[in-house]
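Contents: one structure, followed by commentary.
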Amino acid sequence: MNSITEECPHCDQPQPWGAMDLHLATIHGDIPPCTARLNIRSLEYECVLRAGHKSAYGTPEYWHASERGPIGGRQVWNDGADGATPHKEPTP
Numbered sequence: 002m003n004s005i006t007e008e009c010p011h012c013d014q015p016q017p018w019g020a021m022d023l024h025l026a027t028i029h030g031d032i033p034p035c036t037a038r039l040n041i042r043s044l045e046y047e048c049v050l051r052a053g054h055k056s057a058y059g060t061p062e063y064w065h066a067s068e069r070g071p072i073g074g075r076q077v078w079n080d081g082a083d084g085a086t087p088h089k090e091p092t093p
């Protein structure tokens, strides 16, 4: 059994490894999605967190994370990264 957890950047509750995306979609599904993107080497990654998320990495920058890849990792970036498009609030 895998005892590794991830802390949710919205409610600070630990989630079992691999369950964060489901937690975000169900528990925080009413929060609009984060619109941040990262385009590197012709691949575009979307942030899977919800709007207004905090950094899960303990840094002052605004960090984003993609969905978990087939090998188990995520692409992680901040708004200042090359190829990054920061989150944009929806227009009324």
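Each residue of the sequence shown is one higher than the one before, counting from 2 in this note's numbering.
From the three backbone atoms N, C-alpha and C, an ideal C-beta is built for every residue, glycine too.
Taking the Cα of G84 as reference, the smallest distance to any Cα among P33, P71, S43, G53 is reached at S43. Spatial neighbours of T6 in its own chain (CB-CB distance under 8 Å, excluding positions within 5 residues in sequence) are listed in chain order as P15, Q16, P17, W18. Cβ neighbours of E45 within its own chain (closer than 8 Å, five residues either side excluded): R38, L39. Looking at the DSSP output, E47 shares a beta bridge with R38.
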